[in-house]
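Residue numbers (my numbering): 118 to 271.
Beta carbons are placed, not taken as given, at the ideal position from N, Cα and C, and that holds for glycine.
Worksheet for the structure shown next.
Next up, the structure:
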């Protein structure tokens, strides 16, 4: 079953998996051209070696700043990340608004936690809480700044 993020509170669905969500019909695995056909050209695009492309969207979604980052591996969409600025698009408990303690109470202990420095040799770090069902929560100073959907790790 697929759930549209702009219409359904997907994080309220028990056992939701990252590959069960769509953004205006776009889903994980879709090709870059499919995404461009639906959302138009990205506000920004960045390529990383060996074959990763990030496309940032805001204007195409009617927002003034980057709200959604879509990551492609090759030509396939592999990750959808929503920043706080995407909250106008998201429904209910799917909004980017959790404190790390609330996150763990609601979703249980993450399968993995990573500390990612904001810059090289920086004391300021992001925390990435990864759940094997394809959910990732990114926090800074204990407050959520982004939510990502990826393929579940089976």
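Give the secondary structure of residue 183 by DSSP, where H, G and I count as helix, E and B as strand, and everything else as coil. Annotated three-state conformation of residue 183 is coil, per DSSP.
Quick one: grab the DSSP three-state call for residue 247. strand
Pick from 145, 188, 175, 176: whose alpha carbon is nearest that of residue 163? 188
For residue 245 and residue 267, what's the separation of their Cα atoms in angstroms? C-alpha separation (whole angstroms): 13 Å.
Please return the same chain residues whose Cβ sits closer than 6 Å to the Cβ of residue 256, not counting the five positions on each side in sequence. 217, 244
Indicate whether the contact test is met: 3 or more Cβ pairs, each with one atom in the region 190–197 and one in the region 134–153, closer than 8 Å. yes
Taking only three categories from DSSP, how would you classify residue 127? helix
Looking only at its own chain, which residues have a Cβ that is under 8 Å from the Cβ of residue 204, when we skip the five neighbours before and after it? 212, 213, 214
So, with DSSP's three-state summary, where would you put residue 265? Three-state DSSP puts residue 265 in a strand.
Under 8 Å between the Cβ atoms of residue 136 and residue 269? Yes, the Cβ-Cβ distance between residue 136 and residue 269 is below 8 Å.
Measure from the alpha carbon of residue 250 to the alpha carbon of each residue in 174, 271, 190, then state which is nearest. 271
Residue range of the beta strand (DSSP E) that includes residue 333: A query on residue 333 cannot be resolved here, the shown segment of the chain reaching from 118 to 271 and no further.
Starting from residue 153, trace the alpha helix (DSSP H) in both directions and tell me its first and last residue. 149–156
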